[in-house]
Amino acid sequence: MEIKDLDYNIKYDEATKTVRFTGSIRLQNLPAYEPLKIFLRDAAKLCQGSLLTLDFRDLQFVNSSGITTLSMFIIDSRKSAACQIKIQGSLNVSWQSKSLSNFKKLWDQVVLEIS
38 MEIKDLDYNI KYDEATKTVR FTGSIRLQNL PAYEPLKIFL RDAAKLCQGS
88 LLTLDFRDLQ FVNSSGITTL SMFIIDSRKS AACQIKIQGS LNVSWQSKSL
138 SNFKKLWDQV VLEIS
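Numbering-wise, this note's numbering puts 152 at position 115 of the sequence shown, and it's gapless, one number per residue.
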């Protein structure tokens, strides 16, 4: 599975159960993020009962609507408990350490790796 755009790429690797985000995601509003929401739900279904990794290390930017969409996914995952979530981030990308750590507040079972 993959979402490709001029500015960003989101790809699910079934072998590693990892969603990799690259580029910069600057969609206009929450409805514009609906394809990403569906993509993440589908990835969670594919790894049901195991660990789903969300790798943000190469994502340079995501706007507030994107953070909200990701937060809603974390909350939905907590409610369904279909799979555990691991989040990877980079200290070299300024927004990641603060924003990604908020996901741990939404669901204390989230595994957070920021290096």
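Idealized CB from N, CA, C, for every residue including glycine.
Predicted model only: the values in this text are computed from it and were never measured.
Buried or exposed by the 16-neighbour rule on C-beta atoms within 10 Å, applied to Ser87 = exposed
ask   = Thinking C-beta only, is Phe93 closer than 9 Å to Leu137?
value = yes
request  = May I ask you to report which of helix, strand or coil DSSP gives Ser138?
outcome  = helix
Same chain only: Cβ atoms within 6 Å of Thr90, ignoring 5 sequence neighbours per side = Thr55, Lys123
task = May I ask which residues mark the beginning and end of the beta strand (DSSP E) holding Gly126?
result = 121–126
request  = Please confirm if the region 59–76 is in contact with the region 120–134, defined as three or more CB-CB distances below 8 Å between the two stretches.
outcome  = no
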